[in-house]
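Residue numbers (the numbering used here): 1122 to 1425. Quick notes on the structure that follows.
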Amino acid sequence: MVSITSKEFRSGFVSVIGRPNAGKSTLLNHLLGQKVLIMSDKPQTTRNRIQCILTEERGQIVFLDTPGIHKPKHKLGEYMVGAAKESMREVDAILYMVDLSSEFGSGEEYIIEMLKHTKTPVVLVLNKVDLLDKEQLLQKIQQFSSLAEFKAIVPISAKTGENTDELLKVIFDLLPKGPMYYPEDEVTDQPERFIMAELIREKVLQLTRDEIPHSIAVVIEEVHEKKTLVKIRGLIIVERESQKGIIIGAKGKQLKEIGSLARQDIEALLGSPVFLELWVKVKKDWRNRTDSLRNYGYGKERDE
């Protein structure tokens, strides 16, 4: 039981931004001690702004995990970048994550230019420190230090957890004294249906070829709880018939594998046996259709 009677209890909101595949979701899953966010080696895996909540004796951090900042090519991309930019407003601190194994380019320049216009404290988080030697790391620190003013620079490995304790210390030092915004056992503001859909989408990303990832959406159509089993019906949406064939696979083998892997994660999430039924539907050009984006959980509801 976490006590908030201490005068030192700190709390606040922290936006986590960076290029696609910078390791934001990997870091947050590590800090939370459980899998809340899906991970993939495909860029632009995260599409929504998701709040992840870390509660300790010293305070509560509400992290805002955001889509990777990139040049959008469709309305879905515009929504994703908009969600990332929106998350930087009215937060107590910003974590700017950089993948040390990637070359510095226009993407990082764009983000740094954005950060120059914010008054919010920015912590530069240099990820994948385990891939560099000390001299290479010092060069990277000097390079970024010359480009912008950071409140702190913390090299970490999101994968191994190296130096993440130091990162948490830096974050808590930046937060004001405040209340507990969420119950201590809550780790995300997202409903279970959203997380289940994301877990299914993760398995599609992991198992399908390069032409599939950004063309899919997943919707949970039905959840029926019985005494000893939870029945779930999920719908995988693609843009072309050829993509539907790839996801289903020969004699349905690929879809069966997707369902089997996703079911294991959903059972861990719910703590109950699960019967997962998956279907695949073609919705042409859904990423450029405002109504489809809204129906599949991207973009805000608008008054017609």
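Cβ coordinates follow ideal geometry from the N, Cα and C atoms, glycine included.
Quiz item: I1368: which of I1321, I1341 and A1273 sits nearest, CA to CA?
Solution: With distances taken between Cα atoms, I1368 lies closest to I1321.
Quiz item: Can you tell which of E1313, L1148 and V1183 has the C-alpha that lies nearest to the C-alpha of H1345?
Solution: Looking only at E1313, L1148 and V1183, the smallest Cα-Cα distance to H1345 is reached by E1313.
Exercise. Take the Cβ of S1146 as the centre, count every other Cβ of all protein chains shown within 10 Å, and call the residue buried at 16 or more, exposed below.
Key: S1146 counts as buried, since at least 16 other C-beta atoms from the protein chains shown sit within 10 angstroms of its C-beta.
Exercise. In the DSSP assignment, find the unbroken beta strand (DSSP E) run with M1218 in it and report its ends.
Key: Its beta strand (DSSP E) spans residues A1214 to D1220.
Practice problem: Please classify R1427: does DSSP put it in a helix, a strand, or coil? | Solution: Summary: the structure shown does not reach residue 1427, with the chain confined to residues 1122 through 1425, and so no result is reported for it.
Exercise. Work out the CA separation of E1378 and K1372 for me, nearest whole Å.
Key: Each residue's Cα considered, the two are about 12 Å apart.
Quiz item: So the alpha helix (DSSP H) V1291 belongs to, where does it begin and stop?
Solution: Its alpha helix (DSSP H) spans residues T1285 to L1295.
Quiz item: Rounded to a whole number of angstroms, what is the C-alpha to C-alpha distance between H1191 and E1319?
Solution: No answer about H1191 holds up, because its pLDDT of 44 lies below 50 and its placement is not dependable.
Self-check item: Where L1268 falls: helix, strand or coil (DSSP)
Solution: Here L1268 sits in coil by DSSP.
Quiz item: Tell me which same chain residues have a C-beta within less than 6 Å of the C-beta of F1130, skipping the five on either side of it?
Solution: In the same chain as F1130, and ignoring 5 residues on each side of it, the C-beta atoms closer than 6 Å to its own belong to G1180, in chain order.
Quiz item: Relative to the alpha-carbon of E1211, which residue among Y1231, I1232, D1386 and V1183 has its alpha-carbon at the smallest distance?
Solution: The residue from Y1231, I1232, D1386 and V1183 with its alpha-carbon nearest to that of E1211 is V1183.
Exercise. Please state whether DSSP places Q1257 in a helix, a strand or coil.
Key: Of the three classes helix, strand and coil, the one that applies to Q1257 here is helix, per DSSP.
Quiz prompt | Those runs of the alpha helix (DSSP H) which lie wholly inside the stretch 1336-1405 and span at least 4 residues | solution = Fully contained in the stretch 1336-1405 are the following alpha helix (DSSP H) runs of length 4 or more, in chain order: 1362-1369 and 1374-1391.
Quiz item: Candidates D1406, G1380, L1382 and E1230: which alpha carbon is nearest Q1264's?
Solution: Per the C-alpha coordinates, the member of D1406, G1380, L1382 and E1230 positioned closest to Q1264 is E1230.
Self-check item: With 16 other Cβ atoms within 10 Å as the buried cut-off, status of E1398
Solution: E1398 comes out exposed.
Quiz item: How would you write the range of the beta strand (DSSP E) that S1132 sits in, first residue to last?
Solution: Under the DSSP assignment, S1132 falls in the beta strand (DSSP E) whose first and last residues are R1131 to G1139.
Quiz item: How would you call G1133, buried or exposed, if buried means at least 16 neighbouring beta carbons within 10 angstroms?
Solution: G1133 comes out buried.
Exercise. May I ask you to report which of helix, strand or coil DSSP gives G1180?
Key: Three-state DSSP puts G1180 in a strand.
Quiz item: With respect to the alpha helix (DSSP H) encompassing I1316, which residues constitute its N-terminal and C-terminal limits?
Solution: Segment E1313 to L1328, the alpha helix (DSSP H) holding I1316.
Quiz item: Which two residues bound the contiguous beta strand (DSSP E) that contains I1274?
Solution: Secondary structure note for I1274: its beta strand (DSSP E) is the uninterrupted segment A1273 to P1276.
Self-check item: For K1402 and G1380, the rounded distance between their alpha carbons
Solution: The straight-line gap separating the alpha-carbon atoms of G1380 and K1402 is approximately 15 Å.
Quiz item: With 16 as the cutoff for other CB atoms within 10 Å, does T1176 come out buried or exposed?
Solution: Burial is judged here by how many other beta carbons sit within 10 angstroms of a residue's own beta carbon; T1176 has at least 16 and is buried.
Quiz item: Nearest-angstrom Cα distance between G1282 and T1241?
Solution: Rounded to the nearest angstrom, the two C-alpha atoms are 26 Å apart.
Self-check item: T1241 - DSSP class collapsed to helix/strand/coil
Solution: Assignment of T1241 by DSSP, reduced to helix, strand and coil, places it in the coil class.
Quiz item: Going straight from the alpha carbon of K1249 to that of E1323, what length do you get?
Solution: If you take the alpha carbons of K1249 and E1323, they lie about 22 Å apart.
Practice problem: Return the CA-CA distance between G1370 and V1359, expressed in angstroms with no decimal places. | Solution: The alpha-carbon atoms of G1370 and V1359 are separated by roughly 14 Å.
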